[in-house]
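Chemist:
2 protein chains.
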Amino acid sequence: MKKKENEEYIILAEKIEREKLIDKMLNEIFLRILSQIRKRQNPFLEIPARKKEVVVYDEEKDLILLKKILMKRDFFNMKNVRKFTQTVAVSSTITELLRRNIHAQLRDIFYNRAYIFETQNESDAIIEDIAAMMGVYRENLGVIASAKGVCVGEIKIRDKGDLIDCSRLGTGGWSITPLVDEVEFVDYGAEYVLVIEKDAAFFRLVEDKIWKKQKCILVTGKGQADVATRRFVKRLREELKLPVYILVDSDPYGFYIASVYKRGSIQLSFDTPRLATQDAKLLGLLPSDLDKYKVPKYARLKMTEADIKRLSEISNYPWFKNKRYQEEFQLMLERKEKAEVQALCSKNITYLSDVYIPKKMEERDWLS
Amino acid sequence: MKKKENEEYIILAEKIEREKLIDKMLNEIFLRILSQIRKRQNPFLEIPARKKEVVVYDEEKDLILLKKILMKRDFFNMKNVRKFTQTVAVSSTITELLRRNIHAQLRDIFYNRAYIFETQNESDAIIEDIAAMMGVYRENLGVIASAKGVCVGEIKIRDKGDLIDCSRLGTGGWSITPLVDEVEFVDYGAEYVLVIEKDAAFFRLVEDKIWKKQKCILVTGKGQADVATRRFVKRLREELKLPVYILVDSDPYGFYIASVYKRGSIQLSFDTPRLATQDAKLLGLLPSDLDKYKVPKYARLKMTEADIKRLSEISNYPWFKNKRYQEEFQLMLERKEKAEVQALCSKNITYLSDVYIPKKMEERDWLS
Numbered sequence: 001m002k003k004k005e006n007e008e009y010i011i012l013a014e015k016i017e018r019e020k021l022i023d024k025m026l027n028e029i030f031l032r033i034l035s036q037i038r039k040r041q042n043p044f045l046e047i048p049a050r051k052k053e054v055v056v057y058d059e060e061k062d063l064i065l066l067k068k069i070l071m072k073r074d075f076f077n078m079k080n081v082r083k084f085t086q087t088v089a090v091s092s093t094i095t096e097l098l099r100r101n102i103h104a105q106l107r108d109i110f111y112n113r114a115y116i117f118e119t120q121n122e123s124d125a126i127i128e129d130i131a132a133m134m135g136v137y138r139e140n141l142g143v144i145a146s147a148k149g150v151c152v153g154e155i156k157i158r159d160k161g162d163l164i165d166c167s168r169l170g171t172g173g174w175s176i177t178p179l180v181d182e183v184e185f186v187d188y189g190a191e192y193v194l195v196i197e198k199d200a201a202f203f204r205l206v207e208d209k210i211w212k213k214q215k216c217i218l219v220t221g222k223g224q225a226d227v228a229t230r231r232f233v234k235r236l237r238e239e240l241k242l243p244v245y246i247l248v249d250s251d252p253y254g255f256y257i258a259s260v261y262k263r264g265s266i267q268l269s270f271d272t273p274r275l276a277t278q279d280a281k282l283l284g285l286l287p288s289d290l291d292k293y294k295v296p297k298y299a300r301l302k303m304t305e306a307d308i309k310r311l312s313e314i315s316n317y318p319w320f321k322n323k324r325y326q327e328e329f330q331l332m333l334e335r336k337e338k339a340e341v342q343a344l345c346s347k348n349i350t351y352l353s354d355v356y357i358p359k360k361m362e363e364r365d366w367l368s
Numbered sequence: 369m370k371k372k373e374n375e376e377y378i379i380l381a382e383k384i385e386r387e388k389l390i391d392k393m394l395n396e397i398f399l400r401i402l403s404q405i406r407k408r409q410n411p412f413l414e415i416p417a418r419k420k421e422v423v424v425y426d427e428e429k430d431l432i433l434l435k436k437i438l439m440k441r442d443f444f445n446m447k448n449v450r451k452f453t454q455t456v457a458v459s460s461t462i463t464e465l466l467r468r469n470i471h472a473q474l475r476d477i478f479y480n481r482a483y484i485f486e487t488q489n490e491s492d493a494i495i496e497d498i499a500a501m502m503g504v505y506r507e508n509l510g511v512i513a514s515a516k517g518v519c520v521g522e523i524k525i526r527d528k529g530d531l532i533d534c535s536r537l538g539t540g541g542w543s544i545t546p547l548v549d550e551v552e553f554v555d556y557g558a559e560y561v562l563v564i565e566k567d568a569a570f571f572r573l574v575e576d577k578i579w580k581k582q583k584c585i586l587v588t589g590k591g592q593a594d595v596a597t598r599r600f601v602k603r604l605r606e607e608l609k610l611p612v613y614i615l616v617d618s619d620p621y622g623f624y625i626a627s628v629y630k631r632g633s634i635q636l637s638f639d640t641p642r643l644a645t646q647d648a649k650l651l652g653l654l655p656s657d658l659d660k661y662k663v664p665k666y667a668r669l670k671m672t673e674a675d676i677k678r679l680s681e682i683s684n685y686p687w688f689k690n691k692r693y694q695e696e697f698q699l700m701l702e703r704k705e706k707a708e709v710q711a712l713c714s715k716n717i718t719y720l721s722d723v724y725i726p727k728k729m730e731e732r733d734w735l736s
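Structure (structure tokens):
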């Protein structure tokens, strides 16, 4: 899946005006089909392919992207008629969302058109088709996914006229909106962004007010990050020019979660340019940290067969091919040990905030 | 599991001063054992039993509670020595948390004492033992669980000196803190609390600003509610005297989630008095709503065998024995149909905010 010469990618419009998009939907779907019918043609739409085979990794750009290959979806065709009809029906729901300027979740759309779908997977796929056709992100169509991220720290955000000071939200924090592209960063005192995999570690850092001492913005995606959280981090990086550091468990899954923040995922290759924070640093927990910070043996876990298999998969990802990553993978493989961030509690409940993070930052001890 | 005459329950102290609790830990655990040793006794602790057999449903109080039965845990006893040692070790970690006035998660405690535990279940159980012994809630010991709830609406909350206006948090909302007992309700314009099972429906209501039109506070526990979210709802009910309404899917699982808000769960019977919002109303989605609001057949789902089995279990819960509930169960069983709240999107994406909720509230159409 390497990139070949003069291949065309699908790069979606970063932002498109609602009015423009409504016209685009009308012209390129409804009026187009209408004129095809008038011309007594077999009505058809052209949908960009999104299957695994067209996913490419661009080493130069260091991004997972999608090759531009159009597939014909026509009406007078037993193989396509069902999908063709679904596409047109969902397009009209989406046009309504845009006209009313409201948002719906994937599942809402499924129910809104449930009479022509058997499963939500079907309707989800059709929505992605329409987004690809329009050359926009699904969110631009008013179709959003639920967000589970939380943010605390030295930043003020404007969301629908409300000014939210993320340093004044107690020990809870701001629940990141699914409409993350509509918020505005007003003002910030932070010097970096710290993304934490798990909300347990996140809460410890919030209670210890590390964001105040370290002048940073804390974000957690509560495990595998959702699209809104990834987009939020990407925007903090791009618009505020803040360096981003990621704190995950020292296991293959942690490395993977970090890589999704950095390079995007294969499932959403499509969204990569908008979601990937390529130069985010992996701060830890690194396999080499376990000895360096003397994490006692009893707080380390033995890797399972599945872990080891996953590790070998990950270490073959092209974007993990650099020396430092491979060294860490090697070490993990030799030791067959993994550890959660909370393993640092074996030393002291506040060790993470008092010692680990300040020391890592001071020594600039991270993977690029 | 009916309640018998003159049975003693475990009713935990609603709130206890940290200093007092530290003394209690010292006297009732450490000094007690010390004096037992000095007297050349076999050191022992008395732990309240928490097994299923001691769980009782008090019809009068309409709560799931725990009978008070003390079990001896002694040192010179091959059966108990391990647990005895674990109890003492964890007690000292907890005393440290209290002295430093910081909080840790269950998993943090496990790692902090990992050398004497094989699994986290072991350490979780010991922590519950200590809480029961001290007659306080686990949270009073400084041991918290992560919270996943979100709140939006007409209320101001003070949390660690920060004043949070939940009507000014854009489309995201306030991520409910795990330290929910430490927040203070400053001021509110709301007339009721609406608890929404799923965050998809929650977001639609937030975007439609129903909390403004209906003057309410919206809370979601994002599925099965965590302890912090349940406690938060309970406090809104008790301290602000606001009526609480619950919106869940029309399926056995939805009924169960509602009942956990209302009556507590068997696993946490222990926490019931503090978590259960007994007089919360089940607003919907009721099986009878499906016809009443003309939810099209294609937006309803067929119940699985598992659903039907679960339904018969639930309909036998003593606190569901009232007529209206049984009617709804009966209807669901006859139709063998279930439906998610989003099924209302089949009519119109904003039907939930524009029609369903206002109409239900106006007609006072709910289950007590």
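From first to last, the protein sequence lines are chains A and B.
With the working numbering applied, the first sequence covers 1 to 368.
With the working numbering applied, the second sequence covers 369 to 736.
Yeah, the Cβ is synthetic: ideal placement off N, Cα and C, and Gly gets one too.
None of the values given here were measured: they were computed from a predicted structure.
Quick check: is the beta carbon of Gly264 (chain A) nearer than 9 angstroms to any beta carbon in chain B?
Modeler: With its beta carbon at least 9 angstroms from every one in chain B, Gly264 (chain A) lies outside the interface.
Chemist: Using a Cβ-Cβ cut-off of 9 angstroms, state whether Asp187 (chain A) counts as contacting chain B.
Modeler: No, Asp187 (chain A) lies away from the interface with chain B (no Cβ there is under 9 angstroms from its Cβ).
Chemist: Using the three-state DSSP reduction, which class does Ala644 (chain B) fall into: helix, strand or coil?
Modeler: Ala644 (chain B): coil per DSSP, three-state reduction.
Chemist: Got a sec: is the Cβ-Cβ distance from Ala648 (chain B) to anything in chain A below 9 angstroms?
Modeler: no
Chemist: Alpha carbon to alpha carbon, how far is Ile37 (chain A) from Gly153 (chain A)? Give it in angstroms, no decimals.
Modeler: 57 angstroms
Chemist: Which one or two residues does DSSP pair with Ala89 (chain A) in a beta bridge?
Modeler: Per DSSP, none; premise fails for Ala89 (chain A).
Chemist: Within this structure, are the beta carbons of Trp579 (chain B) and Ser514 (chain B) separated by less than 9 angstroms?
Modeler: no
Chemist: With a cut-off of 8 angstroms, do at least 3 Cβ pairs link the stretch 250–268 of chain A to the stretch 335–350 of chain A?
Modeler: yes
Chemist: Any C-beta of chain B sitting closer than 9 angstroms to the C-beta of Ala276 (chain A)?
Modeler: Not one chain B Cβ lies under 9 angstroms of Ala276 (chain A).
Chemist: Is it buried or exposed for Phe76 (chain A), if we count other Cβ within 10 angstroms and need 16 for buried?
Modeler: exposed
Chemist: On the CB-based measure, 16 or more other CB atoms within 10 Å of its CB, does Ser265 (chain A) come out buried or exposed?
Modeler: buried
Chemist: Quick one: give me the first and last residue of the beta strand (DSSP E) that Thr588 (chain B) is part of.
Modeler: Taken as a continuous stretch (DSSP letters only), the beta strand (DSSP E) holding Thr588 (chain B) covers 584–588.
Chemist: Below 9 angstroms on C-beta distance, what does Ile470 (chain B) contact in chain C?
Modeler: Absent from the structure: chain C. Protein chains present are A and B.
Chemist: Using the C-alpha atoms, what's the distance from Gln224 (chain A) back to Ala674 (chain B)?
Modeler: Computed Cα separation, rounded: 29 angstroms.
Chemist: Can you tell me whether Lys420 (chain B) is buried or exposed, with buried defined as 16 or more other CB within 10 angstroms of its CB?
Modeler: exposed
Chemist: Start and end of the beta strand (DSSP E) containing Arg40 (chain A)?
Modeler: Taken as a continuous stretch (DSSP letters only), Arg40 (chain A) belongs to no beta strand (DSSP E), as it is neither H nor E.
Chemist: Could you give the distance in angstroms between the alpha-carbon of Lys691 (chain B) and the alpha-carbon of Glu428 (chain B)?
Modeler: 18 angstroms
Chemist: If I follow the unbroken alpha helix (DSSP H) through Ile257 (chain A), where does it start and stop?
Modeler: 252–263 is the extent of the alpha helix (DSSP H) around Ile257 (chain A).
Chemist: For Tyr115 (chain A), count neighbouring C-beta atoms within 10 Å of its own C-beta (all shown protein chains included) and say buried if the count is 16 or more, exposed if not.
Modeler: exposed
Chemist: Which of the three DSSP states, helix, strand or coil, is assigned to Met439 (chain B)?
Modeler: Strand, per DSSP.
Chemist: Quick check on Leu650 (chain B): buried or exposed, where buried means 16 or more other Cβ atoms within 10 Å of its Cβ?
Modeler: buried
Chemist: Mind checking whether Arg158 (chain A) and Gly540 (chain B) have CB atoms under 9 angstroms apart?
Modeler: no
Chemist: Using a threshold of 9 angstroms, state whether the C-beta atoms of Phe697 (chain B) and Leu669 (chain B) are closer than that.
Modeler: no
Chemist: Per DSSP, Trp174 (chain A) is paired with what?
Modeler: Residue pairing by DSSP places Trp174 (chain A) opposite A:Cys151, B:Trp542 in a beta bridge.
Chemist: Would you kindly check if the distance between the Cβ of Thr87 (chain A) and the Cβ of Ile29 (chain A) is under 9 angstroms?
Modeler: yes
Chemist: Counting pairs of beta carbons, one from the stretch 487–501 of chain B and one from the stretch 562–582 of chain B, are three or more of them closer than 8 angstroms?
Modeler: no
Chemist: Please confirm if the stretch 186–204 of chain A is in contact with the stretch 468–480 of chain B, defined as three or more CB-CB distances below 8 angstroms between the two stretches.
Modeler: Short answer: they touch.
Chemist: Any C-beta of chain A sitting closer than 9 angstroms to the C-beta of Lys383 (chain B)?
Modeler: Contacts with chain A at 9 angstroms (Cβ-Cβ) do not include Lys383 (chain B).
Chemist: Output needed for Asp576 (chain B): all residues of its chain with C-beta closer than 7 angstroms, excluding positions within five of it in sequence on either side, in chain order.
Modeler: Thr718, Ser721
Chemist: Which residues in the same chain as Lys148 (chain A) place their Cβ atom closer than 6 angstroms to its Cβ, once the five residues preceding and following it in sequence are excluded?
Modeler: Lys222, Asp226
Chemist: Does chain B have any CB closer than 9 angstroms to the CB of Gly284 (chain A)?
Modeler: No, its Cβ sits nowhere closer than 9 angstroms to a Cβ of chain B.
Chemist: Taking the beta strand (DSSP E) that Glu702 (chain B) belongs to, which residues open and close that run?
Modeler: It is not in any beta strand (DSSP E) - Glu702 (chain B) instead sits in the alpha helix (DSSP H) that spans 691–703.
Chemist: What's the C-alpha gap between Ala417 (chain B) and Tyr245 (chain A)?
Modeler: 46 angstroms
Chemist: Once DSSP output is grouped into helix, strand and coil, what is the label at Gly732 (chain B)?
Modeler: The question names Gly, yet the displayed sequence has Arg at residue 732 (chain B). In this structure, Arg732 (chain B) counts as coil in the three-state DSSP scheme.
Chemist: So that I know if they touch, is there some Cβ in chain B lying closer than 9 angstroms to that of Glu182 (chain A)?
Modeler: yes
Chemist: Please work out which residues of its chain come closer than 8 angstroms, Cβ to Cβ, to Ile357 (chain A), disregarding the five sequence neighbours upstream and downstream, and give them in chain order.
Modeler: Leu194, Leu205, Ile210, Gln214, Leu247, Leu283
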